[in-house]
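*Asks:* Each residue of the sequence shown is one higher than the one before, counting from 101 in this note's numbering. The C-beta atom is built at its ideal place from N, Cα and C for all residues, glycine as well.
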Amino acid sequence: MLAVLLEIVAYLLGALTWVIIIQAILSWLVAFNVINTYNDFVRQVLYALNVITEPIYRPIRRILPDFGALDLSPLVALLIINILTRIVIPHAQAQAMMAGV
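#1: Considering just the uninterrupted stretch of the alpha helix (DSSP H) at Arg-158, what are its terminal residues?
#2: Once DSSP output is grouped into helix, strand and coil, what is the label at Asn-182?
#3: Exposed or buried, which one is Ala-177 when buried takes at least 16 other CB atoms within 10 Å?
#4: Using the three-state DSSP reduction, which class does Thr-137 fall into: helix, strand or coil?
#5: Give a yes or no on whether the C-beta atoms belonging to Leu-120 and Thr-153 are separated by under 8 Å.
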């Protein structure tokens, strides 16, 4: 049962990875005026992505020093997700299998 739960968490972390990548790319496109933010659809997509990613970025931004216009919180979030999916979750799955849970 625990192994299935860990698989679901790994899947959700994979989806979150793509959300962070898309949000970062869209924020760059907005910063370079490639995307028109006056478009309602674009504004709604950006808002939805920000609602998902801001709770993840906020604690990271509190820890990281201010780099001015450069925001490294998406990169740090992706690094943490990568560590979770490649090291922590497989180790927890192996422990769950050994324990028979």
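*Replies:* Once the coordinates are examined:
#1: Its alpha helix (DSSP H) spans residues 140–163.
#2: helix
#3: buried
#4: Thr-137 falls in the coil class under three-state DSSP.
#5: Contrary to the premise, residue 120 reads as Ile rather than Leu in this sequence. Yes, the Cβ-Cβ distance between Ile-120 and Thr-153 is below 8 Å.
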